[in-house]
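Take a look at the structure set out below.
Number of protein chains: 2
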Amino acid sequence: MTIFTGLSAFPPTPAGEDGIVDTDAFAALVDRLASTGVDSISVLGSTGTYAYLDRDQRNRAVAAAIEAVGGRVPVVVGVGALRTSWARELAAAAESAGANGLLLAPMSYAKLSDREVSDHFKAVAGSTGLPLCIYSNPGTTNFEFSHDLIVELSHVAGISAVEMPPRDNEGYATEIDQLRERAPDNFRIGYSGDWCAAPAFLAGADAWHSVVAGVLPEPAVRLTRAAMAGNVEETSRLQALCTPMWKLFETYGSLRTIYGIAELIGLDVGIAPLPVQGFTGSDQLPGLSEALERMVAN
Amino acid sequence: MTIFTGLSAFPPTPAGEDGIVDTDAFAALVDRLASTGVDSISVLGSTGTYAYLDRDQRNRAVAAAIEAVGGRVPVVVGVGALRTSWARELAAAAESAGANGLLLAPMSYAKLSDREVSDHFKAVAGSTGLPLCIYSNPGTTNFEFSHDLIVELSHVAGISAVEMPPRDNEGYATEIDQLRERAPDNFRIGYSGDWCAAPAFLAGADAWHSVVAGVLPEPAVRLTRAAMAGNVEETSRLQALCTPMWKLFETYGSLRTIYGIAELIGLDVGIAPLPVQGFTGSDQLPGLSEALERMVAN
């Protein structure tokens, strides 16, 4: 097992209304995750609210997580930022803090061109000794990676994986084949969008970058083991248990829903980064507690 | 003339690769603008790269601009930020520094709901005594304001204007009528997208939020005076002179183009916020110098 393969759990980052990270609550979250069988922990992903935290708060969170994990599993750090100089700075800080890998999304305000994204990724990869995973998330970054661009970047030293957005079930095998044909052999292809983990693994994906595993690791570990072993029947059974939860994620988005799950299971994840409002209290999602109950059933 | 009417010039914010604002160069830029006949100066708009500057750099830029303008024209400050708490903090800092108004875009990473944007705007407006202009810029913020939401916000104390994105020429009169019918009488309706200033003014718009006026104020002042006076013939003549420039803005975006203009006229605006690359040096836009020459012809 190398980094960027298997199940990576993306925990939320507990913070208050002012965006100050609660490092004790965060350490407790990742400490719990590190012993559940996940293959890595990715801090400061999209639902880890990296976009809503200052660079100093992000560095505080990274240091707390790495200390709490204590080397039990690799720690990947999201270093996406609107400025190239900021992403490089965050990458250097993560490396100094002892991170094992980096995750980089082409966070945008002005829509970026392929050349701008390519130069940005090369500049960040060139500034660190850590392996870097391309994070393709068109829904939040407003940038769509072409296969050509992913392949170009896969040949850049240090860029060793991609996290792809969800597709139609039929699309995974074709996409993975197309990318594998042109990328180096050790380039890892993973997927985000929790509902796609089962079909993507069965189609040969290397990794699941999982939001739900950040708060509910056990069912995600079971699904990963069955699907990576190619056990279609058990994968289908577990996927069916998760389906109501995946429907809520697809309909309402993972970010807001994760705060609702945390509230239901009594996990301290702080509050959602306003203006983003978590589904908690009187806004709790109808159907979430049933979906949760079904998902954690064995 | 009140704030949020007439021509507002949006200067770029000179900064280096690290995002540190060159306050001397910025003061020189706004000092020059303040005596050209523009009705206000809006600092830290989209092409003022507010999204690419830290809050402390933004506050430095605001202080430098207000001092350089010295009360000759009102200064409006862009306070958009991904977090509500940050936008409130920036609004408070702008107010303390002596700003005359605020401009707020619903900057997003996770796509925002109408309710989230509404609560965000109310929270910021409620934290300041300054009049606030809603900045609708779906291309960069990934949020589309409905007329219903604009009308709802127009009735909130302190929210006194909207900056709308460009439309088809025929759309301005209808849109302005529809909004005026439901918004308070003193609610100001302006447009961005420099190519739309002439048709929008002729259709009754109150304001032009102008990128080009941030570096080339004179032709923008002439166009504004003719169009606000309802002088259709002179407006058409001036609009024709600007058309090649508008075509470049529409095709390549204002942000990258403005660095090319600055290079051609010898204005120090720093470098574009990488990963965004300005059209300068060997990347200079073909046709820009001809468009520029035509635009400044009388």
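Residue numbers (this note's numbering), protein chains in the order written: chain A, 1 to 298; chain B, 1001 to 1298. Ideal placement from N, C-alpha and C gives every residue a C-beta, glycine not left out.
Checklist entry - Do the CB positions of G1278 of chain B and A1025 of chain B come within less than 8 Å of each other? => result No, the Cβ-Cβ distance between G1278 of chain B and A1025 of chain B is not below 8 Å.
Checklist entry - Do you know whose CA, among B:N1100, B:Y1259, B:P1106 and B:G1158, lies nearest V1062 of chain B's CA? => result It is B:N1100.
Checklist entry - Assuming I1150 of chain B contacts I1134 of chain B under a Cβ cut-off of 8 Å, what Cβ separation, rounded to an integer in Å, is found between them? => result Contact holds; Cβ gap of about 6 Å.
Checklist entry - List, in order along the chain, the chain A residues whose C-beta lies closer than 9 Å to that of W1212 of chain B? => result Note on residue identity: the sequence assigns Val, not Trp, to residue 1212 of chain B. Those within 9 Å of V1212 of chain B in chain A number zero; the least Cβ separation is about 17 Å.
Checklist entry - Counting only beta-carbon atoms, is S1282 of chain B nearer than 8 Å to chain A? => result No, its Cβ sits nowhere closer than 8 Å to a Cβ of chain A.
Checklist entry - Can you tell me whether DSSP reads V1151 of chain B as helix, strand or coil? => result Residue state, collapsed to three classes: helix.
Checklist entry - Using the beta-carbon of each residue, which ones in chain A are nearer than 9 Å to V1117 of chain B? => result Residues of chain A whose Cβ lies closer than 9 Å to the Cβ of V1117 of chain B are, in chain order, P275.
Checklist entry - Do you know offhand how far Q284 of chain A's Cα is from E1293 of chain B's? => result In a straight line, the C-alpha of Q284 of chain A is about 59 Å away from that of E1293 of chain B.
Next on the checklist: Is there a C-beta anywhere in chain B that falls below 8 Å from the one on A110 of chain A?
Outcome noted: By this cut-off, A110 of chain A is an interface position.
Checklist entry - Using the C-alpha atoms, what's the distance from T1224 of chain B back to S146 of chain A? => result About 42 Å.
Next on the checklist: Once the 5 residues before and after R1167 of chain B are set aside, which same chain residues still bring their CB inside 6 Å of it?
Outcome noted: Cβ within range, chain order: n/a, list empty.
Item to check | Helix, strand or coil at G260 of chain A [DSSP, three-state] | outcome: Three-state DSSP puts G260 of chain A in a helix.
Checklist entry - Buried or exposed: where does A1297 of chain B fall if 16 or more other Cβ atoms within 10 Å of its Cβ makes it buried? => result Exposed, since its Cβ has fewer than 16 Cβ neighbours within 10 Å.
Next on the checklist: Run through chain A and tell me which residues come within less than 8 Å of S1085 of chain B, C-beta to C-beta.
Outcome noted: The answer, in chain order, is E17, D18, G19 and L274.
Next on the checklist: What does the Cβ neighbour count give for S1035 of chain B, buried or exposed, with the cut at 16 atoms within 10 Å?
Outcome noted: Counting Cβ neighbours within 10 Å, S1035 of chain B comes out exposed, since fewer than 16 surround it.
Checklist entry - Is the CB of A1207 of chain B under 8 Å away from at least one CB in chain A? => result With 8 Å as the cut-off, A1207 of chain B does not count as an interface residue toward chain A.
Checklist entry - In the segment 1018-1064 of chain B, which residue ranges form an unbroken alpha helix (DSSP H) of at least 4 residues, counting only runs that do not cross its ends? => result The alpha helix (DSSP H) runs of length 4 or more contained entirely in the segment 1018-1064 of chain B are, from start to end of the chain, 1023-1034.
Checklist entry - Beta carbon of S1210 of chain B, beta carbon of P1165 of chain B: below 8 Å? => result Judged by their CB atoms, S1210 of chain B and P1165 of chain B are not nearer to each other than the 8 Å cut-off.
Next on the checklist: Counting only beta-carbon separations shorter than 8 Å, does Y1052 of chain B have a partner in chain A?
Outcome noted: Yes - at least one Cβ of chain A is within 8 Å of the one on Y1052 of chain B.
Item to check | L7 of chain A, DSSP secondary structure in three states | outcome: Three-state result, L7 of chain A: strand.
Checklist entry - Considering only residues of the same chain and omitting the five flanking positions on each side of R1188 of chain B, which have a CB-CB separation below 7 Å? => result Counting only Cβ-Cβ distances below 7 Å, and skipping sequence neighbours, we find F1004, T1005, S1160, A1161, D1206 and A1207.
Item to check | Y1172 of chain B - DSSP class collapsed to helix/strand/coil | outcome: The answer is helix: DSSP assigns Y1172 of chain B an H, G or I state.
Checklist entry - With C-beta atoms as the reference, is P1275 of chain B less than 8 Å away from T140 of chain A? => result For the pair P1275 of chain B and T140 of chain A, the CB atoms are not nearer than the 8 Å cut-off.
Item to check | Delimiting residues of the alpha helix (DSSP H) encompassing R1083 of chain B | outcome: Note, R1083 of chain B: premise wrong, no alpha helix (DSSP H); not H, not E.
Checklist entry - From A:L33, A:G37 and A:L90, pick the residue whose C-alpha is nearest to that of D54 of chain A; which is it? => result For the residues A:L33, A:G37 and A:L90, the minimum Cα distance to D54 of chain A belongs to A:L90.
Checklist entry - Can you name the start and end residues of the alpha helix (DSSP H) that E1144 of chain B belongs to? => result Neither: E1144 of chain B is in no alpha helix (DSSP H) and is coded neither H nor E.
Checklist entry - With C-beta atoms as the reference, is L102 of chain A less than 8 Å away from A94 of chain A? => result Remark: C-beta atoms of L102 of chain A and A94 of chain A approach each other more closely than 8 Å.
Checklist entry - Tell me, which residues are paired with C1133 of chain B by DSSP? => result Note: C1133 of chain B sits in a beta bridge opposite B:L1103 and B:A1161.
Item to check | Sequence-distant residues of the same chain with beta carbon closer than 8 Å to D22 of chain A, five excluded per side | outcome: Hits under 8 Å: P14, A15, G16, D268 and G270.
Checklist entry - If you follow the beta strand (DSSP E) that R188 of chain A is part of, which residue opens it and which one closes it? => result First-last of the beta strand (DSSP E) with R188 of chain A: R188 to Y191.
Item to check | DSSP state of V296 of chain A mapped onto helix, strand, coil | outcome: V296 of chain A: helix per DSSP, three-state reduction.
Checklist entry - So which of A:H155, A:G45 and A:P217 has the shortest CA-CA distance to A262 of chain A? => result The shortest C-alpha separation from A262 of chain A is found at A:P217.
Checklist entry - Along the chain, where does the alpha helix (DSSP H) that runs through P1226 of chain B open and close? => result It is Ala, not Pro, that sits at residue 1226 of chain B in the sequence shown. Note, A1226 of chain B: alpha helix (DSSP H), P1217 to M1228.
Item to check | Candidates A:G281, A:D18, A:S254 and A:W86: closest to L264 of chain A by CA position | outcome: The shortest Cα separation from L264 of chain A among A:G281, A:D18, A:S254 and A:W86 belongs to A:G281.
Next on the checklist: Just to confirm before moving on: does the CB-CB distance between S1192 of chain B and E1234 of chain B stay below 8 Å?
Outcome noted: In this structure, E1234 of chain B does not lie closer than 8 Å to S1192 of chain B by Cβ.
Checklist entry - Does the separation of the CB atoms of A97 of chain A and T128 of chain A fall below 8 Å? => result No. Outside cutoff.
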